[in-house]
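This report refers to the structure that appears directly beneath it.
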Amino acid sequence: MNTIEIRKSTVSDLETIQNISIHTFKETFAAVNTPENIANYVKENFNMEQLTTELNNDNSQFYVAYSNAEAVGYLKINFGDAQTESINENALEVQRIYVLQNFHGKNIGQLLLDKVKKIAKSSGVDSVWLGVWEENHRALRFYTKNGFVVFDKHVFIMGNDEQTDLLMQFRLQ
């Protein structure tokens with residue numbers, strides 16, 4: 003059985019995070035978006051400069067999941083002004099949980115989300131929120147199974163395509 007280890011990231015993990023970002027984004031969304039929109043999104047959001055800025059933000063944290071020393075996914079969370087939207091001052095945003103497709107169904111996403119909940123509880127926030135594309139049914143099932151509920155929606159621009167993200171929230175007890 004593979005052991006999954008989750009480690010907090012530093013700038014030394016930049017290339018690993020970039021590789022996982024590009025691969026998982028393409029694996030998840032390339033079949034339902036134009037090649038131009040995918041290429042532009044990757045270029046704008048997963049370039050070294052952008053990811054370095056995100057990694058160096060004191061209100062953001064990255065955690066990489068390793069299976070037998072192989073990086074297989076990661077998580078990015080945001081506090082305070084690093085959040086992509088102002089939902090609640092006392093909330094934590096899950097901006098990304100990315101797991102390489104070859105490792106789907108191996109509990110890695112669950113372990114990363116469990117890490118989020120643990121961090122949220124120790125941070126004293128009252129809720130965790132995220133945005134998920136309304137057509138990403140696998141992710142919607144996963145978050146719903148984990149107690150997240152839809153509370154709003156917003157427009158996500160993918161190149162020249164306006165898509166709807168459902169905003170989901172998990173309230174801590």
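My numbering numbers the first residue of the sequence shown as 3 and each following residue consecutively. From the three backbone atoms N, C-alpha and C, an ideal C-beta is built for every residue, glycine too. These numbers come from a predicted model, not from an experiment.
About 6 Å separates the Cβ atoms of residue 22 and residue 102, confirming a contact at the 8 Å cut-off. Look at the beta carbons and you see the region 104-114 not touching the region 51-58: under three pairs across the two are nearer than 8 Å. Ranked by Cα distance from residue 157, the first of 167, 151 and 150 is 167.
Residue 96 sits close to residue 132, with the two beta carbons spaced by under 8 Å.
The DSSP-derived three-state label of residue 71 is coil.
Contact annotation: residue 79 and residue 62 have beta-carbon atoms nearer than 8 Å. Per DSSP, residue 84 is not a residue of any beta strand (DSSP E), being assigned neither H nor E. Shown here for residue 20: same chain residues with a beta carbon closer than 7 Å to its own, the five before and five after excluded, namely 48, 50 and 53 in chain order. Note: residue 9 is bridge-paired with 66 in the DSSP secondary-structure output.
In terms of Cα proximity to residue 161, the closest of 32, 92, 12 and 145 is 32.
As summarised for the region 99-139, the continuous beta strand (DSSP E) elements at least 3 residues long and confined to that stretch are 129-135, given in chain order. Residue 96 is bridged by DSSP to 79.
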